[in-house]
Amino acid sequence: MFLRFFIGLYNLSIAMIFIPANISIIWIICKTQRLRKFWSYRIMANIAIINGIELIVVLSAGLMSLLNMEFPTSASIGLHFWSTATEVLLSFMLATNRLFVMVQLARFDKPLIYKTMLMVTWSIGLLAIYPICTITKIFYDLEAHRYNVEYNRFFSKIRLCVTSTILVLSAIMYTVIVLKISFQRKKIISEDAKLFVQALLPFVWLLFRVISSHFLFARSLLGETLETLVFVIFGRSLPAFHFIVYMVFNRTLRNEVRKLLRLKKKPKVVHVKKMKSTVATVCSSP
């Protein structure tokens with residue numbers, strides 16, 4: 000009973016807090032011209048969009064866990080397949096951007112390359128929904144508090160192989176960047192280093208989530224209850240983690256969010272009034 004209420008309330012809290020938070024990131028980047036000109040921020044805005052889609056799935060899961068009732072889940076599974084595939088590809092795209100900028104591969108750091116990658120990313124993400132057509136069994140497991148699907152093993156293997164390949168390539172690129180920073184620390188711009196950290200930390204979280212969801216060693220190591228808690232807390236909090244990382248390491252986004260929430264103090268304007276000086280004239284009679 001406690002586990003059900005905790006997981007349900009946790010999922011609902013994550014969704015209700017961080018759906019608006021991710022919308023604020025999208026709004027800030029889209030309206031701020033000096034941020035839009037950098038492709039790293041454009042990719043971050045796309046990640047915020049896909050995080051919002053994933054949080055809709057988290058919201059649905061939270062309601063089912065809390066009410067102990069299964070809703071129609073086909074739409075949620077479709078959104079989940081779409082968001083997880085696109086999240087991995089956008090993470091790869093952000094790693095590519097950081098590599099081009101920080102290793103100074105200027106001839107590849109071109110808008111056409113990024114636009115093509117972005118179009119391919121969203122297209123492949125949508126194609127990831129196709130395996131739903133082959134699903135023979137789909138339901139929300141109210142005991143394990145997760146979606147369970149049984150579909151064509153061929154598609155399952157392809158999905159795992161493609162995901163693993165993309166994550167390995169991303170890891171290699173991040174390793175190259177770390178080596179670049181280690182050997183040429185003085186040449187690295189502070190802002191680029193911070194953007195690198197904002198890309199790397201969510202990637203590590205994503206990597207952990209993919210490994211824990213595809214391989215079942217965690218249940219044998221942790222036990223069923225603890226494994227369920229770890230899966231829910233880490234598996235469904237990536238959209239929240241993105242936002243927290245931005246608020247910690249990105250002063251520009253942090254200040255813009257504070258302005259949006261009216262939390263940033265406006266500088267006091269001191270009004271100086273002109274004081275008329277009166278001169279007292281003393282007249283003496285003769």
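One point on numbering: in numbering that gives the first Met the number 0, the residue at position 72 of the sequence shown is 71, and numbering is uninterrupted. We put the CB at the ideal spot given by N, CA and C, even for glycine. In this text, all values refer to a predicted model and were calculated from it rather than measured experimentally.
What's the C-alpha gap between residue i and residue j?
| i | j | result |
| --- | --- | --- |
| Val175 | Asp191 | 15 Å |
| Met274 | Thr251 | Residue placement at Met274 is poorly supported in this model, since its pLDDT is 44, which falls under 50; the coordinates still yield a value, given next. When rounded, the distance between both Cα atoms is 41 Å. |
| Phe230 | Ala143 | 10 Å |
| Gly61 | Ile137 | 17 Å |
| Gln103 | Leu54 | 35 Å |
| Leu98 | Ala105 | 10 Å |
| Asn345 | Leu125 | Since the first and last residues shown for the chain are 0 and 285, residue 345 lies out of range. |
| Thr289 | Ser73 | Because residue 289 is not part of the residues shown, which for the chain are 0 to 285, the question remains open. |
| Ala44 | Leu34 | 10 Å |
| Val119 | Thr227 | 34 Å |
| Ile28 | Pro19 | 14 Å |
| Leu159 | Thr224 | 26 Å |
| Tyr146 | Trp26 | 31 Å |
| Phe4 | Ala14 | 15 Å |
| Leu117 | Lys30 | 20 Å |
| Trp204 | Val244 | 11 Å |
| Asn10 | Arg152 | 29 Å |
| Arg184 | Tyr173 | 15 Å |
| Gln32 | Leu2 | 46 Å |
| Leu200 | Thr85 | 18 Å |
| Ser298 | Arg253 | Outside the displayed span of the chain (0 to 285) sits residue 298, for which this structure offers no information. |
| Ser211 | Arg257 | 35 Å |
| Phe154 | Ala127 | 9 Å |
| Lys196 | Arg261 | What sits at residue 196 in the sequence shown is Val, not Lys. Taking the straight line joining both Cα atoms gives about 27 Å. |
Give me the Cβ distance between residue i and residue j, rounded to the nearest whole Å; I'm assuming they're in contact under 8 Å.
| i | j | result |
| --- | --- | --- |
| Ser90 | Phe202 | 5 Å |
| Leu7 | Leu78 | It is worth fixing the name first, because residue 7 is Gly in this sequence and not Leu. No, Gly7 and Leu78 are not in contact; Cβ-Cβ is about 19 Å, not under 8 Å. |
| Val87 | Arg235 | Actually they do not touch by this definition, with Cβ atoms about 16 Å apart. |
| Leu93 | Ala198 | 5 Å |
| Ser59 | Phe70 | 7 Å |
| Ile76 | Val148 | 6 Å |
| Leu259 | Ser23 | 6 Å |
| Met101 | Ile232 | Between Ile232 and Met101 the Cβ distance is about 32 Å, and since that is not below 8 Å, they are no contact. |
| Phe242 | Asn21 | 6 Å |
| Met63 | Leu141 | 7 Å |
| Asn96 | Ile42 | 6 Å |
Given a threshold of 16 other Cβ atoms within 10 Å of its Cβ, counted over all protein chains shown, does residue i qualify as buried or as exposed?
| i | result |
| --- | --- |
| Asn67 | exposed |
| Phe17 | buried |
| Leu194 | buried |
| Ser12 | exposed |
| Tyr129 | exposed |
| Glu255 | buried |
| Thr115 | exposed |
| Ser122 | exposed |
| Leu237 | buried |
| Val209 | buried |
| Ile157 | exposed |
| Met0 | exposed |
| Phe80 | buried |
| Thr277 | Residue placement at Thr277 cannot be trusted, given a pLDDT of 42 that sits under 50; the coordinates are not used to answer. |
Report task. Could you tell me whether the stretch 35-48 touches the stretch 104-118, where touching means 3 or more Cβ pairs closer than 8 Å? Result -> Output reads yes: the stretch 104-118 touches the stretch 35-48.
Query - Entirely enclosed alpha helix (DSSP H) segments - the stretch 69-149, minimum 4 residues - result: You should have 73-101, 110-126.
Requested in this report: Kindly confirm or deny that the stretch 165-174 and the stretch 43-59 touch, where touching means at least three C-beta pairs closer than 8 Å.
Outcome: No contact exists between the stretch 165-174 and the stretch 43-59.
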